[in-house]
Structures are given as structure tokens and as C-alpha cells.
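Protein chains in written order, with my numbering: chain G, -14 to 118; chain P, -14 to 118; chain W, -14 to 118; chain Y, -14 to 118.
Structure record follows, encoded as C-alpha cells.
There are 4 protein chains.
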Amino acid sequence: MLSARQAQHLLTAGEERAARIGVPVNIAVLDAGAHLKAFLRMDGAVLGSIDIALKKARTAVLFGAASEAVWEYCKPGAPAPGLELSNDGLAPFAGGIPLKDRNGAIVGAVGVSGGAVPQDLEIAQAAVAVFYF
Amino acid sequence: MLSARQAQHLLTAGEERAARIGVPVNIAVLDAGAHLKAFLRMDGAVLGSIDIALKKARTAVLFGAASEAVWEYCKPGAPAPGLELSNDGLAPFAGGIPLKDRNGAIVGAVGVSGGAVPQDLEIAQAAVAVFYF
Amino acid sequence: MLSARQAQHLLTAGEERAARIGVPVNIAVLDAGAHLKAFLRMDGAVLGSIDIALKKARTAVLFGAASEAVWEYCKPGAPAPGLELSNDGLAPFAGGIPLKDRNGAIVGAVGVSGGAVPQDLEIAQAAVAVFYF
Amino acid sequence: MLSARQAQHLLTAGEERAARIGVPVNIAVLDAGAHLKAFLRMDGAVLGSIDIALKKARTAVLFGAASEAVWEYCKPGAPAPGLELSNDGLAPFAGGIPLKDRNGAIVGAVGVSGGAVPQDLEIAQAAVAVFYF
């Protein structure tokens, strides 16, 4: 189970990377049931990205995959059009990463939003990099 | 902070432009937290454009940008497909313009809907043109 | 049909009374279909009363009666418990007043919130008093 | 404007008090527009209290008052029955406290849930006690 200490550790690692590259973001950490565990909005992050950070993390937990992987199923021509409308709306683009324990079970996810998509991804990866289980 | 007097001034300026070009519209003014400050539906504006005016203004506040700028991120081939599904649904097309103070901070937004998109944009611009801070 | 000019006239009358008694409020005007026609949040009105002003006006239109009249049907011991949960939530207390034409048909409503309930009622009555049809 | 640093400081102060009295809680910090700024769920806090912590803080921001003050308006016999149904549902009981600047303007709120109501209040007060503006 994801602890509060781990969640805060992830937030701090993400915040440090975001500060280093100069991009204020929102960072959300959800647990294995997609319930909110910890959250931080850095000063200057746009309000609209709060919901996106939460939805990226939610997308990652709900499908046990990076948020952008969901797009492969619902993009034009793919077999599940409208998939992104399920679950009160997904965010099928990069910045949401699942957290897995040593057996590969999903224990939560991180979602980052506020920068360009590659920046959000870099920050989410920096957060997840400090996670161990 | 956006005052009631300023908000009404924006509504009047928008309404005058709309009347001049003969297009009945809805005009919404939101504050910095995306909360409703003032609103007017001109006679003859279609009911469906009430929500669109509100959502255009909301989109502009939440992302600190003209509403159509959001489309650049979520249009086909862009890096954030489904972005328009966030925040209870955005309106990523022209007619929502953020209001900024002299330091560039977002203090609210205007959203206009009811005409053709270029008309809505023209009316929103006429409203914002009378704003000073 | 309620015109934009009439709706603004109602807002102004309500605002003047509110200013005179020193209570910043939200004033909402809806049409016969409970759709937003005009709105003003006076400076200093609490954010939470935006939704209440809208819901009072909505309650008045939907039931063709003053908003507090709905409470008679759903208060403890009355025959319709839970009525206030219908229609996405009603506001069954004073401050919402229907607008009627000379034949008694509902053409809209005013809703006021931000002060004590008797103050909201006084302001709503002052707004409706300038309505003629 | 409430900073990320201040929000985290509030979370830490609340968490310390909660740990001292042995009650795992959720602590939410919202900004002046009721948008999420920071959040922490302590290990062992029940899932159902996530939403309550958020709603308590939301209630405090929206009405510029301690969350339980709203109950005085909507409790049985009070003048605003159903008030708690507004704004997507309020949490009109103790544990939500507004944050004010030196001029008395609302800059955000803290909401705590997970313990008995008096415990939640004590923890929220401990969080707010470290706030200065």
C-alpha cells in the first residue's frame, strides 16, 4: 500500500524537477483505488491543469498503464472510439504513470500537468523514479 | 479584483458591438477563480449558447489564454487529445478572452456565444477593449 | 417573453435596494424555461451565494411560486419529503420570486442571495416591483 | 495569494497534531477560488473522508466562515433549509476554516476529516495557527 510518506516523497521529487526546468505544475498522487493520496499545485500553475493532473493519474490507475497508452485504443481508427469518455473522462496523453510494487501490482499513480506534454512526462518520470516498494 | 462595475461595463460594450453587427449573443464575465460575476443574454440568442458563453470564459480563465488556444493542444494530431473533456468540458474555440491586470495576472475572462465564431470573437474583443486595470 | 432590457432593469432595482441596506448580493434572472437571462454579483458577495441565487430563481420558475413555498411541501411532516433533492437541488427558502405576465403566466423569476434571508427577500421584492408586462 | 510553501506548511502542522492525538485524517488546502492547492491523506484515514475534507474546506471558502457556521442557517428551524444542498453539496460541520490575510480577505481554507468532529476541528485549528499573511 502506498504510504503518505512515499506520496510526499514523490511530490517532492516531481516538484524539484519541475523547478529545475522552470515549469510550474500540478502533481497528483492516487492510491490503488484511484483515491486521492497527496497533491500539490506549484505557484503559477494554471487552474485548468489541476483537473488534468488528477485525470492523468486516474487514467493510469484505472488502466494500469501510462496515461498516453489509452490513446492507442481510442485514437481515430483504433478499436475503442469514445473510450476517453468513460470513467467521467480520461486524460489519454502523457504525464500519468502507474506505480507498481515488486510483483507488478498497481499500488497507485502519479499525474502531472501544467507544462508542455513532454515536460509533464519528464516531471512524472522524475517523481516515479524515487518510488520503491 | 474584477469589480461589478467593470463587469457591467464589459457587458455593455459587448452588447453594443453585437447590436451593431446584428447578432444576438450571450455574454458571460467570470472572476479569477472562474466564478460567475455578470451575465447577459440578448433577446433572440439561442438557448444552447448560454452554456457555451460560460464555457468559453471558463476555458480562458482556467488556462490563462484565449479559448481557441486550447484547441492547438487537443486538435487531431496535437499532443493532448481529450484535453477538451477536462474541467467538466471546455469550449476550445474563439470567443473566450482572459482579462489581465497590468502585471499580467489573470483577473477574469469574458465569453461570448450566439453568432458565428468570428462574430463572437469580434464581440468579445470589443468587450475586453474597454477593460483597464 | 422577458426581455434583456427588463432583466437588466430588475438587476438594477435589486442592486439599488441592496446597496441602500448595505448587503452585497448575487441577483439572478431566469426566463420561463429556467434558463439564465441576466446575472450580477455585487462586490463583496460570498462565492457560495452565486449558486443559491441561481437555485432560488430556478425553484421559483420550476414551481411557479415563491421559493420558500416549496418548503411547505417538503418540511418535516409534510407530504413530499426529499422534494428539495429534485431538479438537481432546490433552494426552498425566501429570495426567489416568479415573474408573471398580466394573465398570470410565468415568464421567469428573480433569485437573490448573499444577505440574511429576510434581506434577500426584500431585495428580490424590490427587483420584482419594477417588473410590468 | 496562498503559496505552495504556505500550503505545505499548513499540511505539516495539521499532520503533526493529528499524529500526536493518534487520528489519521485527510487535510485539504484550497485557494481563494476554492481550487485545490495541496492535499494529504494520512495512512489509515478512511476513504470516505477524502471528499469530506475537500467539502469542509470548500464550504469555508465559499461562505468565508468556519464550515460549521453554515449549519446555523440550515439546521431544523433555521431560515435556509436545504442550503447544504447548494454548491454541489456542503459539509456544514466543524473542520473547515477559512484563511484570511491581514485585511480580512479570504485567501483560501483548510479542511480536515477522518476523526471525530472535535478532533478534526482541533487539527484544522493547529494547521491554521501556523498561517500568517
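For glycine and all other residues, C-beta sits at the position ideal for the given N, C-alpha and C.
Quick caveat: nothing in here was measured; it's all calculated off a predicted structure.
Quick one: give me the first and last residue of the beta strand (DSSP E) that residue i is part of.
i                     : result
residue 45 of chain G : Not the beta strand (DSSP E): residue 45 of chain G falls in the alpha helix (DSSP H), residues 33 to 48.
residue 11 of chain G : 11 to 16
residue 94 of chain Y : 91 to 98
residue 87 of chain Y : From DSSP, residue 87 of chain Y is part of no beta strand (DSSP E); its letter is neither H nor E.
residue 78 of chain W : Counting along the chain, residue 78 of chain W falls outside any beta strand (DSSP E), and DSSP gives it neither H nor E.
residue 23 of chain G : 21 to 26
Are the beta-carbon atoms of residue i and residue j separated by less than 9 Å?
i                      : j                      : result
residue 115 of chain P : residue 12 of chain P  : no
residue 1 of chain W   : residue 111 of chain W : yes
residue 59 of chain G  : residue 83 of chain G  : no
residue 3 of chain Y   : residue 108 of chain Y : yes
residue 31 of chain W  : residue 23 of chain W  : no
residue 34 of chain G  : residue 99 of chain G  : yes
residue 79 of chain Y  : residue 103 of chain Y : yes
residue 37 of chain G  : residue 106 of chain P : no
residue -14 of chain P : residue 16 of chain P  : yes
residue 113 of chain W : residue -4 of chain W  : no
residue 44 of chain W  : residue 88 of chain W  : no
Pull up the distance between the alpha-carbon of residue i and that of residue j, whole angstroms please.
i                      : j                      : result
residue 21 of chain P  : residue 47 of chain Y  : 13 Å
residue 63 of chain P  : residue -10 of chain Y : 34 Å
residue -2 of chain W  : residue 97 of chain W  : 12 Å
residue 25 of chain G  : residue -12 of chain Y : 11 Å
residue 117 of chain G : residue -7 of chain G  : 13 Å
residue 52 of chain G  : residue 40 of chain W  : 38 Å
residue 56 of chain W  : residue 50 of chain G  : 50 Å
residue 126 of chain Y : residue 75 of chain W  : Because chain Y in this structure spans residues -14 to 118, residue 126 of chain Y falls outside the shown range and cannot be described.
residue 54 of chain G  : residue 66 of chain G  : 14 Å
residue 8 of chain P   : residue 85 of chain P  : 27 Å
residue 10 of chain Y  : residue 6 of chain W   : 43 Å
I think residue i touches residue j, with their Cβ atoms under 8 Å apart; what is that distance to the nearest whole Å?
i                     : j                     : result
residue 19 of chain Y : residue 81 of chain Y : About 11 Å; that fails the 8 Å criterion.
Can you name the start and end residues of the alpha helix (DSSP H) that residue i belongs to?
i                      : result
residue -1 of chain Y  : -11 to 6
residue 106 of chain G : 102 to 114
residue 58 of chain Y  : 56 to 59
May I ask you to check if the CB of residue i is nearer than 8 Å to at least one heavy atom of the ligand PLP?
i                    : result
residue 9 of chain G : With respect to small molecules bound, the structure shown includes none, and the ligand PLP cannot be examined in it.
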